[in-house]
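Structure record follows, encoded as structure tokens.
Number of protein chains: 4
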Amino acid sequence: MASLRKASTRFNHLLWQQSPKCSNLSLVNGVKHMSSLETLGFIGLGNMGNHMARNLVKKGHKLVVFDVSKNAMKTIENMEGCENCVQTVNSPADVAAQCKHIITMLPATQHVQEVYTSRGTGIFSAIQENSLLVDSSTIDPAASQEMAAIASEKDSSYVDAPVSGGVNAARDAALTFMVGGAPKSFEMAQKYLSVMGRNVVHCGPVGTGQAAKICNNMLLGISMIGTSEAMNLGKKLGLEPKLLAKILNTSSGRCWSSEVYNPCPGVLDGVPSSNNYYGGFGTALMTKDLGLANNAATVTKSPIPMGSLAHQIYRIMTSSGYAGKDFSSAYKFLQDQEDKS
Amino acid sequence: MASLRKASTRFNHLLWQQSPKCSNLSLVNGVKHMSSLETLGFIGLGNMGNHMARNLVKKGHKLVVFDVSKNAMKTIENMEGCENCVQTVNSPADVAAQCKHIITMLPATQHVQEVYTSRGTGIFSAIQENSLLVDSSTIDPAASQEMAAIASEKDSSYVDAPVSGGVNAARDAALTFMVGGAPKSFEMAQKYLSVMGRNVVHCGPVGTGQAAKICNNMLLGISMIGTSEAMNLGKKLGLEPKLLAKILNTSSGRCWSSEVYNPCPGVLDGVPSSNNYYGGFGTALMTKDLGLANNAATVTKSPIPMGSLAHQIYRIMTSSGYAGKDFSSAYKFLQDQEDKS
Amino acid sequence: MASLRKASTRFNHLLWQQSPKCSNLSLVNGVKHMSSLETLGFIGLGNMGNHMARNLVKKGHKLVVFDVSKNAMKTIENMEGCENCVQTVNSPADVAAQCKHIITMLPATQHVQEVYTSRGTGIFSAIQENSLLVDSSTIDPAASQEMAAIASEKDSSYVDAPVSGGVNAARDAALTFMVGGAPKSFEMAQKYLSVMGRNVVHCGPVGTGQAAKICNNMLLGISMIGTSEAMNLGKKLGLEPKLLAKILNTSSGRCWSSEVYNPCPGVLDGVPSSNNYYGGFGTALMTKDLGLANNAATVTKSPIPMGSLAHQIYRIMTSSGYAGKDFSSAYKFLQDQEDKS
Amino acid sequence: MASLRKASTRFNHLLWQQSPKCSNLSLVNGVKHMSSLETLGFIGLGNMGNHMARNLVKKGHKLVVFDVSKNAMKTIENMEGCENCVQTVNSPADVAAQCKHIITMLPATQHVQEVYTSRGTGIFSAIQENSLLVDSSTIDPAASQEMAAIASEKDSSYVDAPVSGGVNAARDAALTFMVGGAPKSFEMAQKYLSVMGRNVVHCGPVGTGQAAKICNNMLLGISMIGTSEAMNLGKKLGLEPKLLAKILNTSSGRCWSSEVYNPCPGVLDGVPSSNNYYGGFGTALMTKDLGLANNAATVTKSPIPMGSLAHQIYRIMTSSGYAGKDFSSAYKFLQDQEDKS
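Chains as they are written, first to last, in UniProt numbering: chain E, 1 to 341; chain R, 1 to 341; chain W, 1 to 341; chain X, 1 to 341.
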């Protein structure tokens, strides 16, 4: 049981409740601004980005922000307890013109390439010397290396710093950052990343952050479907789901998906599976990450039979109405029709 | 790191080192026999069974044993610090004639059917009234239910009690038992099972122990190949294996296979992957368990795409020279040829 | 092109049009009964069985029939141009009491076991000496061997004779029969089977007919999903479906599924894909056959990675609303949502 | 049987024997050169390319050739019955400087990009106005479109024209060409392609030739493994391989792999499986083509579960000693160890 209790605790602060380390959350209505902290550029205020930006503000940073959605910018500009600590501008170039340290959090490779390299409006068109660019998007490692090459031509540095952990980890500053870049750049970036996350790991040169993210999410994507199959099969064989989960979690079948994010409704409280698979990490996003894993595997000639099958299953789910549901809806996808309805 | 340190500790006593709870191991040369303990029948003294039987003896039980291998019987008969505490006989029937409480640990369904039902030599041909039969083999749940039906015709009871944990868990009395049977039978069996294992879980009626075992091992078999793919891909992408393992184990990719039984040589000490995949849980055995999972899934019409693919991969490994290696050799199977040699 | 023209011709008589060999079809309103022909027993008048029985009648056989559905019996009893040539009875035993030569066409293993072995009502409870039992159901080869063993105890013979070809091949007497049994039994059975089909192949001893059927349908199930993937991918890459089919059919991608049963709507006329996947061979039936293939593969320790995945995909389709559609609806299952609706 | 006889005939001229249409082969020792025929550039004289080039020469074309291997160039320069009809040069640029019509046959995307775009030595650095570039390599459709774009900047045209059919089809001028390009360019190219192949199909705009090739080879790769599984399973179930092949080829399991290229040794003469999988189409090449299919599927968000699994199986074979064997060695890969040796 020990490991089960521990699991659900970890689960609690990892995903929903307030973590001890996050007590500053209770200060939302009275953030103190230590004027000593740098003003940072932040581009990309989506489901993840807006939480990450808020945590920087709560910690006392001022931000110059850009997002294609004016609403997204307005929302954070007006966040409670923050006066004049967020300035909105009209392009990535405008951010680069005002800030030497910029964090980007974007959906996919092509968005990163556009935000960084667009003529006139991209970061590189207005970048200052000795800037530090921190890209937390999950993209093709090769694209990260391209951006790093251009940055160094501009006498600046770039690190790839993709995250592990979903929307709630972003909100609770409980993310894990996997960082690829030169040691000095990593040190600089770490100062900001540690404000938004709990673990900041230096993985090696530029691109290895993406590599680590891709490998983690491939294994996660595999384990989640595997857990869904095991829970569904066990239920059909007459096992009570909570009991089966307990057995798996104290045995060799134990994994993050069975322990803290179980896909079977009713086994754990507060996870997407107990909320009709609303919230969490969308199936379309998992499909995208597994697409990156497949490309990387093809380029490096690495066999990934399970990773490829997982990719295809999420792909079919995405084209069958599960795109917007949490990826743990693999459980629902595998269920009998009557169970589904 | 916290969870990593914890992981390797758990790993240590789960797999190799001496566990605090197993300090009686140090008494091998001076086991005390409390004459109060029942004499038990034990059939099947293979890699797992001989360790389980020894733990019963160490705790003070006398045993009447049978195995098709005379050597296996002789070895335990002559175990150090045990005088006249093990009696060998010539058939399962002979065991049943002398003992009312019998534990069986056999390779597969057909062996269980033979040991229990053979005319003249099987358990049922000499069973006494009110006997308790505890089968720890991993077999088809339907076969367990057949045995239970015959047992009750003989005014006796039967429980299926398959185990989780390998040879070392058997040696260290650290097994998990998943038990299917009537509550009263479970209580009786629990007394003996707790001597041989750390967790004894009541899963429901006869057959649910097998169901739990099948579901756990299916998920284990999936996670192990998934972990092998992630470790191999990461290495090819330039990540240092120990670092990648650390990242997975503090992120959502974490699973038993990555944490305590990592398939990549050099990441953990004392696991099969660091011993050329010698010892541990053979690929042929995992293939057999996944065959049971596939049959159960077909009968219950449960989709198990990842479980089926895992079954097929271990099947190919089994017919390609990996049958006797630990199932974590999936990592080696997926590697490039030069890396293999 | 040559092979394409040939393909569609073959397609025509294989599935829909009248084949030269089937000109007796035109006699539906005036069947001549050559009194010389034996009266046969026929059990199982479903989608396939009723067509097979009709062809026997058209050829001049009288039948004693049984089906669990009284309507099914009435329908054939009242078929046009047939007076007093079909007698309905109340059980398989009644059939066996009147006929020495009996053909059975049933859904699955358990139905065959019931029809043959039920006490009092089963075939074996009233079988006459020197009877010939011809089972055209697709079942577990091991079950066929059991039936054969009981038959020989009754001084009778049994052959397994599963079919290839769908409802239309049954209607047009264009089936292929794969027969397992002793040479003498095969010769006797062949006389009747050739009335219902175009190819009657002796595969070897009892059980090999099922083996051949299982292997054929496994490959068919694989090719159909593969063809669906190729057609869907090609369409997304800008290829016109009819052109792509033509290319595949004149190249090494050619298979029965691409040539005569293309799953992409509009490529061929008169196939299920051009009829909203109505008619043809149901996904649930293909799933059942692939379940038999998986069991046989597990028992013989044969790796079937593609066969297992195909099984799982049809399994998921079956539990997602495709159970009653033709198995070529795999194409629809893989399509984008908008394309689906 | 009909279709079987037909199959083996087709097989004969498609793969090994002399086809009636190829009687010009008998003229090897006395090729007539109609001086009217254009001099063509030819780049890439590998297993496929050297046969294609020879057929152009046999038909009366003079060639200006380049290959990275001097031996490859010398061999064709010295081909029997050809005096001064082949000129060798030092770079693709030299070819382009002398010829307006150039055919390229290269291993992979990067080689095509190098041969066409290298500064100073590439085709584009010396291309003449109104040139026609015909690339028969199998590459990423996107790369074909890039080449076409550059060609049109140089007032020239480009078509992608990948082939179906192996080394023997190349030798016997029995290839199928799948061509993507503008109608006018197609017409020009067709004149030369029809000399080297039997079918020349216009698939649509630039890139669709590659798309057709990718779809065909994906289905071929799937069917070959499926056929291997069916043949291996059938053999284990007691079926005689030649009989099983006959049954499949007259039933719905029929495919090119079962009919004309059966992977089971001894079923057909003259195919790689009857020659220890020597010759034919290497597993590494099939793996490469399936990698292209996977990339195209990811880009177009098309699910290809079977295609992905086939990719992974050939990938594992490639890293397990099968890289240089014909891809039908999938049969051997799936066999039991004893059967293998």
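Every residue gets a Cβ at the ideal spot worked out from N, C-alpha and C, and that includes glycine.
All of these numbers come straight from a predicted model, not from anything done at the bench.
Through-space distance from residue j to residue i, alpha-carbon basis
i, j, result
"serine 194 (chain E)", "serine 164 (chain E)", "13 Å"
"methionine 196 (chain E)", "serine 252 (chain R)", "17 Å"
"asparagine 24 (chain W)", "lysine 58 (chain W)", "A caution first: asparagine 24 (chain W) carries a pLDDT of 33, below 50, which makes its placement in the model unreliable, though a value can still be read off. Taking the straight line from one Cα to the other gives about 7 Å."
"proline 205 (chain W)", "tryptophan 256 (chain X)", "29 Å"
"arginine 54 (chain W)", "aspartate 67 (chain W)", "14 Å"
"lysine 246 (chain W)", "serine 329 (chain W)", "20 Å"
"valine 31 (chain X)", "leucine 132 (chain X)", "Any answer about valine 31 (chain X) is weak, because its pLDDT of 44 lies below 50 and its placement is not dependable; what the coordinates show is given next. Roughly 26 Å between the two C-alpha positions."
"valine 267 (chain E)", "proline 241 (chain E)", "7 Å"
"tyrosine 331 (chain E)", "glycine 324 (chain R)", "34 Å"
"leucine 285 (chain E)", "histidine 202 (chain E)", "24 Å"
"threonine 146 (chain X)", "serine 152 (chain X)", "It is glutamate, not threonine, that sits at residue 146 (chain X) in the sequence shown. Rounded to whole angstroms, glutamate 146 (chain X) to serine 152 (chain X) spans 10 Å at the Cα level."
"asparagine 71 (chain E)", "glutamate 83 (chain E)", "18 Å"
"proline 263 (chain E)", "threonine 250 (chain R)", "20 Å"
"valine 159 (chain W)", "leucine 239 (chain E)", "41 Å"
"glutamate 38 (chain W)", "cysteine 99 (chain W)", "9 Å"
"glutamate 259 (chain X)", "leucine 244 (chain X)", "11 Å"
"proline 183 (chain W)", "serine 157 (chain W)", "11 Å"
"aspartate 172 (chain X)", "leucine 56 (chain X)", "12 Å"
CB of residue i within 8 Å of CB of residue j, strictly
i, j, result
"arginine 198 (chain R)", "alanine 230 (chain R)", "no"
"alanine 96 (chain R)", "alanine 126 (chain R)", "yes"
"valine 167 (chain R)", "histidine 51 (chain R)", "yes"
"valine 134 (chain W)", "isoleucine 43 (chain W)", "no"
"threonine 208 (chain X)", "glycine 180 (chain X)", "yes"
"alanine 296 (chain E)", "leucine 237 (chain R)", "yes"
"isoleucine 76 (chain R)", "valine 65 (chain R)", "yes"
"glutamine 335 (chain W)", "serine 308 (chain E)", "no"
"alanine 161 (chain R)", "serine 136 (chain R)", "yes"
Chain-ordered chain R contacts of residue i [CB-CB under 8 Å]
i, result
"glycine 291 (chain W)", "Thr298"
Proximal residues of chain X, C-beta to C-beta of residue i below 9 Å
i, result
"threonine 109 (chain W)", "The premise fails here: threonine 109 (chain W) is roughly 16 Å from chain X at the closest Cβ pair, so nothing lies under 9 Å."
"asparagine 295 (chain E)", "Asn294, Asn295, Thr298"
Within chain E, partners of residue i - CB distance below 9 Å
i, result
"isoleucine 316 (chain W)", "Ile313, Ile316, Phe333, Leu334"
Within chain R, the residues that residue i reaches when beta carbons sit closer than 9 Å
i, result
"leucine 309 (chain W)", "Pro305, Ser308, Leu309, Gln312"
"lysine 301 (chain W)", "Thr287, Gly291, Arg315, Thr318, Ser319"
Cross-chain neighbours of residue i in chain E, by beta carbon under 7 Å
i, result
"proline 183 (chain R)", "None at all; the shortest Cβ gap to chain E is about 14 Å."
Partners in chain R for residue i, counting only beta-carbon separations shorter than 7 Å
i, result
"serine 164 (chain E)", "Ser251, Ser252"
Test: residue i CB closer than 8 Å to a CB of chain A
i, result
"threonine 176 (chain W)", "The chain inventory of the structure shown lacks chain A, comprising the protein chains E, R, W and X."
Beta-carbon neighbours of residue i, restricted to chain W and to distances below 9 Å
i, result
"glutamine 190 (chain E)", "Those within 9 Å of glutamine 190 (chain E) in chain W number zero; the least Cβ separation is about 42 Å."
Partner residues on chain E for residue i, Cβ-Cβ distance less than 8 Å
i, result
"glutamine 113 (chain W)", "Here the premise fails: no neighbours, minimum Cβ distance about 23 Å."
**Request:** Check distances from the C-beta atoms of the region 83-105 of chain R to those of chain W and list, in chain order, the residues that come in under 8 Å.
**Result:** none
**Request:** Please confirm if the region 273-293 of chain E is in contact with the region 268-288 of chain X, defined as three or more CB-CB distances below 8 Å between the two stretches.
**Result:** no
**Item:** Short-range partners of chain X found in the region 196-222 of chain W, where Cβ spacing is below 8 Å
**Value:** Asn199, Val201, Cys203, Gly204, Pro205, Gly207, Thr208, Ala211, Ala212, Ile214, Cys215, Asn216, Asn217, Met218, Leu219, Leu220, Ile222
**Request:** Could you run through the region 224-241 of chain W and flag, in chain order, every residue whose CB is less than 8 Å away from some CB of chain X?
**Result:** If you check each beta-carbon in the region 224-241 of chain W against every beta-carbon of chain X, the ones closer than 8 Å belong to Ile225, Gly226, Thr227, Glu229, Ala230, Met231, Asn232, Leu233, Gly234, Lys236, Leu237, Gly238, Leu239, Glu240.
**Inter-stretch contact (C-beta, 8 Å, three-pair minimum) for the region 307-321 of chain X and the region 206-225 of chain X** = yes
**Item:** Sufficient close CB pairs (3 or more, under 8 Å) joining the region 107-127 of chain E to the region 74-92 of chain E
**Value:** yes
**Prompt:** Is the number of C-beta pairs between the region 228-243 of chain X and the region 208-216 of chain W that are closer than 8 Å three or more?
**Reply:** yes
**Prompt:** Using Cβ-Cβ distances below 9 Å, what residues of the region 240-259 of chain R are close to chain E?
**Reply:** Within the region 240-259 of chain R, Glu240, Leu243, Leu244, Lys246, Ile247, Leu248, Thr250, Ser251, Ser252, Gly253, Arg254, Cys255, Trp256, Ser257, Ser258, Glu259 place their CB atoms closer than 9 Å to a CB of chain E, listed in sequence order.
**Message:** When you compare the region 37-48 of chain R with the region 103-120 of chain R, are there three or more beta-carbon pairs, one atom per stretch, that lie closer than 8 Å?
**Reply:** yes
**Request:** Output, in sequence order along the chain, the residues in the region 134-155 of chain R whose CB is closer than 9 Å to any CB in chain E.
**Result:** Pro141
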